[in-house]
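Note sheet for the following structure.
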């Protein structure tokens with residue numbers, strides 16, 4: 062992948078990566094997880110996760126990053142629930158990124174829920190990793 066030098070901010074940091082709801086697509090989440098590992102992050106991959114699963118994992122693991130993957134088209138409902146659950150649990154200080162099949166017109170709405178970054182299908186791995194490094198630096 063050719064990870065840029067700026068990712069030193071990721072060395073030794075922890076990320077939780079999960080697929081929202083019952084989204085059946087796993088490839089993107091695994092590819093991004095591997096890129097984050099290559100950049101030096103510890104990655105906890107949850108697979109399918111509900112909002113409450115994510116709150117429990119964030120409380121237990123204390124990650125710098127929560128990465129969510131979605132291709133099902135239910136990203137607004139799922140992300141709103143996740144962000145509300147994190148706020149309710151007092152865990153909304155974790156950086157949250159969402160990636161997948163997300164129309165550009167939904168990016169601002171996701172950010173209004175508290176999502177920090179949105180990556181569409183086909184976003185270059187170097188862009189994702191660099192933006193995450195900048196986000197959690």
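Residue numbers (this note's numbering): 62 to 198.
Even for Gly, the Cβ is constructed at its ideal location relative to N, Cα and C.
None of the values given here were measured: they were computed from a predicted structure.
Q | Reduced DSSP secondary structure (H/G/I, E/B, other) of residue 183 | A | Residue state for residue 183 is assigned as coil, using DSSP reduced to three classes.
Q: Ignoring anything shorter than 3 residues or poking outside the region 86 to 156, list the beta strand (DSSP E) runs there in chain order.
A: Runs of the beta strand (DSSP E) inside the region 86 to 156: 103 to 110 and 126 to 131.
Q) Which residues in the same chain as residue 70 place their Cβ atom closer than 8 Å to its Cβ, once the five residues preceding and following it in sequence are excluded? A) 194, 195, 197 and 198
Q.
residue 116 and residue 142 - do their beta-carbons sit closer together than 7 Å?
A. no
Q. Which value, in whole angstroms, describes the spacing of the CA atoms of residue 107 and residue 124?
A. One C-alpha to the other measures close to 13 Å.
Q.
For residue 173 and residue 98, I'd like the C-alpha separation in whole angstroms.
A. Straight through space, the alpha carbons of residue 98 and residue 173 are spaced by roughly 29 Å.
Q | Per-residue DSSP class, three states only, for residue 178 | A | strand
(Q) Excluding the 5 residues flanking residue 156 on each side, which residues of the same chain have their C-beta closer than 6 Å to its C-beta? (A) 126, 177, 196 and 197
Q: Could you check what DSSP says for residue 198 in three-state terms: helix, strand or coil?
A: In the structure shown, residue 198 falls within a coil segment according to DSSP collapsed to helix, strand and coil.
Q. Residue 81 lies in the beta strand (DSSP E); which residues open and close that run?
A. 75 to 81
Q) For residue 122 versus residue 163, is the C-beta distance shorter than 7 Å? A) When the beta-carbon positions are compared, residue 122 and residue 163 stay at least 7 Å from each other.
Q | residue 136 classed as buried or exposed, judged by whether at least 16 other C-beta atoms fall within 10 angstroms | A | buried
Q: Return the bridge partner residues of residue 159 from the DSSP annotation.
A: 129 and 179
Q | Contact under 7 Å by Cβ, residue 79 with residue 112 | A | no
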